[in-house]
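Colleague: One structure coming up, written as structure tokens, with questions to follow.
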Amino acid sequence: MEKKEIVDILEEMGTLLELQGANPFKSRAFHNASRALEGFTGDLPAAVQSGAIREVKGIGEGIAKVIGDLVTAGRSRDYEDARKGIPAGVLDMLRIQGLGPKRIRLLHQKLKITSIDALEKAAKDGRLAKLEGFGKKTEENILTNIEALRKRSDKSLFPVAEEAASRMLAALKDVKGILRTSVAGSLRRRKEVIGDVDLLVSATDASRQNIMKQFVSHPDVERVIGQGDTKSTVMLRQGISCDLRIVSDQEFPFALNYFTGSKEHNVEMRTRARRLGLSLNEYAFTAVEEKGKKKTKIPAVRSEEDLYKALGLAYVPPELREMMGEFEAAGEHRLPKLLEPGDLRGTLHCHTTYSDGLHTLEQMAGAAKDLGWEYLGIADHSKAAAYAGGLSADAVGKQVRAIDAFNEKADGFTVFKGTECDILTDGTLDWPEKVLSLFDYVVISVHSQFRMSEAEMTKRVVTALRHPRVTMLGHPTGRLLLSRDPYPIDMMQVIQVAAEYGKAIEINAHPMRLDLDWRLCKHAKESGVKIFINPDAHSMDGLRDTFYGVGIARKGWLTQADVVNAWSTADVRNYLKQSKK
DNA sequence: GCCGTTTTCGGCCCGACTGTTTTCAGTCG
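Take a look at the structure:
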């Protein structure tokens, strides 16, 4: 069994223990061990074999045995025991905001509720309010939050959908008869939230049946919803619906364009074709017969580039196909040269073991180097973020000295000294001037009191953003996608203030956030606000999340010049210096 | 269950908020 699966199982075991009302410290131990294992970077089977796994802090005798069983046998008795007596639906209820293990346990025991549906019914019948510790308000909140959960559960985050899609495509690649493959749909356009995964292949007619057979029998397929020669639909175990369409190779560019969308973009494509005397659909161009006019010659199309060229347009990258001005720009050949993943040279908002990160400063810097980067910025939490191991002022001093010492030895690699400083309720910062002056840069963000009104929250953030020591606003919309709603904030006003005061804004690329949607991104760019793509990384692996942010940056029309991560170390240093008055 | 001992037991991160209570438990970040 793979490390990632074991990390998930340990996490689940911790949760199951909570639901069983076990010693809270015991369940905590499982959660801790899960995190500890996540941070383990060595060869897991070897470490299990040699017993070295016990040296990982947080993994002791008992949990080492669970890990060992899972690595070698793929199953664990302890895990199976933990699952006994807890129906899957009970675990599911944890996804409802405001419901934790204690109350779910009570619901399970007193009302025999074992699913979200049963919970909803009980709430509607008014049976919850009668339960000890529950009341009318709680009952209403639960109903509201069930509704909210339902609304988002048919959507997946981009990183989850991308992972699922690439697993399916990888398996198809070597099937005989397949000529070209691609993802399509909103995933190809790199929207942050994906409805379902669309895959497209071109293939020989004779191979279609076999390709579909391979597709529906992929190990990730939970059930087959429909299976035909040109289109099949399956439900993946990740909870994502996935379509595969097969077309001829000649049709491929047309189908790819059509199924990539967006719908509005497609409408404009067809309208433009019409003006040239052509009809466009998902398979081909056809000439339109018009009285007194010569029939238009059908242009040869082998690729999407040809298709755009035939309409007198520059190739429009999928990310820009949202009817945000891409046709005008493509017609005048002034589409921007979008940021590429390879343009990144570093990132500035990462955590280390000084606060709630899993890896040390040296490990994080090493991982950044391995990605081919030139610099890394460390921004651990400030003291108010106690739950996230926020630093004391003393610890800041220690970390700053450690980074200075590291930089003296590091050859050609730079670690910048930063902080993720909490914005307190009144808009003041969590660090006094004396501490702020120690950093190369200051990221500010909201971690408390999310339920302010939009006006209050905006005032709070804008007040903090104006502070002379502040470099950039971190996770600006506070959105934890699909897990909770963003906090209310008037981003237009925030962007205006950022522009006025020369402050930057962060695209938080942490997969649970994917903050600052592309429309705001585009608006920020047009206002002259610089953007940082930050992974909010809590581990070495987490640094890779920066690349998810590139997708949002591209959708926001951002180029190398707009994104500070693409600048040289010297330019970044200058930028940080001049922004820090 | 894990850790770290002044090693074989005692402590394990915490502040804010909400809704329930009438002094606090549960949840969240």
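Residues in the first sequence are numbered from 13 upward in steps of one, following the numbering used here.
Think of the CB as a built atom: it goes at the ideal place given N, C-alpha and C, for glycine as much as any other residue.
Less than 7 Å between the C-beta atoms of residue 328 and residue 312, yes or no?
Modeller: no
Colleague: Starting from residue 193, trace the beta strand (DSSP E) both ways and give me its first and last residue.
Modeller: 190–196
Colleague: If you draw a straight line from the alpha carbon of residue 35 to that of residue 418, how long is it in whole angstroms?
Modeller: 42 Å
Colleague: Could you round the C-beta distance between residue 434 and residue 394 to whole angstroms and report it? I think they count as a contact, below 8 Å.
Modeller: By a beta-carbon distance limit of 8 Å, residue 434 contacts residue 394. Their separation comes to about 5 Å.
Colleague: Using a 10 Å radius around the Cβ and a threshold of 16 neighbouring Cβ atoms, would you call residue 504 buried or exposed?
Modeller: By the beta-carbon neighbour count (other beta carbons within 10 angstroms, threshold 16), residue 504 is exposed.
Colleague: Excluding five sequence neighbours on each side, which residues of the same chain lie with their C-beta closer than 6 Å to the C-beta of residue 451?
Modeller: 429, 430, 431
Colleague: CA-CA distance, residue 404 and residue 71?
Modeller: Roughly 27 Å between the two C-alpha positions.
Colleague: Does DSSP classify residue 565 as helix, strand or coil?
Modeller: In the three-state scheme derived from DSSP, where H, G and I count as helix and E and B as strand, residue 565 is classed as helix.
Colleague: Considering only residues of the region 126–185, which uninterrupted alpha helix (DSSP H) runs meet the minimum length of 4 residues and lie entirely inside it, listed in chain order?
Modeller: 128–136, 148–165, 170–185
Colleague: Using the C-alpha atoms, what's the distance from residue 463 back to residue 103?
Modeller: 27 Å
Colleague: Secondary structure at residue 222, three-state DSSP: helix, strand or coil?
Modeller: helix
Colleague: Output needed for residue 544: all residues of its chain with C-beta closer than 8 Å, excluding positions within five of it in sequence on either side, in chain order.
Modeller: Around residue 544: 359, 360, 361, 484, 516, 517, 518, 519, 575, 576, 577.
Colleague: Bridge partners of residue 39, per DSSP?
Modeller: DSSP output for residue 39 lists no bridge partner at all.
Colleague: Taking only three categories from DSSP, how would you classify residue 454?
Modeller: The answer is strand: DSSP assigns residue 454 an E or B state.
Colleague: State yes or no: is the C-beta of residue 267 within less than 7 Å of the C-beta of residue 294?
Modeller: yes
Colleague: Going by C-alpha to C-alpha distance, which of 581, 557, 316 sits closest to residue 169?
Modeller: 557
Colleague: Under the DSSP definition of a beta bridge, which residues are partnered with residue 92?
Modeller: DSSP lists no partner for residue 92.
Colleague: Nearest to residue 570 by CA position, among 555, 530, 553, 588, is which residue?
Modeller: 530
Colleague: By DSSP, does residue 239 sit in helix, in strand, or in coil?
Modeller: Strand at residue 239.
Colleague: Measure the alpha-carbon distance for residue 254 versus residue 453 and round it to whole angstroms.
Modeller: 44 Å
Colleague: Whose C-alpha, out of 226, 251, 260, 231, is nearest the C-alpha of residue 244?
Modeller: 226
Colleague: Tell me which residues share the same chain as residue 291 and place their Cβ nearer than 8 Å to its Cβ, disregarding the 5 neighbours each side in the sequence.
Modeller: 282, 285, 297, 298, 299, 300
Colleague: Evaluate residue 27 with the Cβ neighbour count: other Cβ atoms within 10 Å of its Cβ, from every protein chain shown; 16 or more gives buried, anything less gives exposed.
Modeller: Looking at its Cβ environment, which holds 16 or more other Cβ atoms inside 10 Å, residue 27 is buried.
Colleague: Residue 680 to residue 352, Cα distance in whole Å?
Modeller: Lying outside 13 to 593, the shown extent of the chain, residue 680 is not represented and no answer is given.
Colleague: Measuring CB atoms only, is the region 410–425 touching the region 372–384, in the sense that at least three cross pairs come out at less than 8 Å?
Modeller: These segments touch.
Colleague: Assuming residue 564 and residue 204 make a contact with CB atoms under 8 Å, what is their CB distance in whole Å?
Modeller: 7 Å
Colleague: Taking only runs that begin and end inside the region 319–371, name each unbroken beta strand (DSSP E) of 3 or more residues, in chain order.
Modeller: 358–362
Colleague: For residue 100, which option in 380, 509, 31 has the closest C-alpha, if you only look at C-alpha atoms?
Modeller: Closest option to residue 100, Cα to Cα, is 31.
Colleague: From this set, 379, 277, 396, 200, which residue's C-alpha is nearest residue 340's C-alpha?
Modeller: 277
Colleague: Evaluate residue 388 with the Cβ neighbour count: other Cβ atoms within 10 Å of its Cβ, from every protein chain shown; 16 or more gives buried, anything less gives exposed.
Modeller: That one is buried.
Colleague: Whose CA, out of 272, 263, 64, lies closest to the CA of residue 191?
Modeller: 263
Colleague: Check each candidate in 526, 382, 568, 561 and name the one with the smallest Cα separation from residue 540.
Modeller: Each of 526, 382, 568, 561 was checked against the Cα of residue 540, and the nearest Cα belongs to 568.
Colleague: To the nearest angstrom, how far is it from the Cα of residue 196 to the Cα of residue 336?
Modeller: 19 Å
Colleague: What does a CB cutoff of less than 6 Å around residue 236 pick up in its chain, not counting 5 residues either side in sequence?
Modeller: 228, 246
Colleague: Suppose you measure from the CA of residue 442 to the CA of residue 436; what does that come to, to the nearest Å?
Modeller: Looking at the two C-alpha atoms, the distance is approximately 6 Å.
Colleague: What residues in its chain sit with their C-beta under 7 Å from that of residue 391, if we drop five residues either side in the sequence?
Modeller: 360, 361, 362, 430, 431, 432, 455
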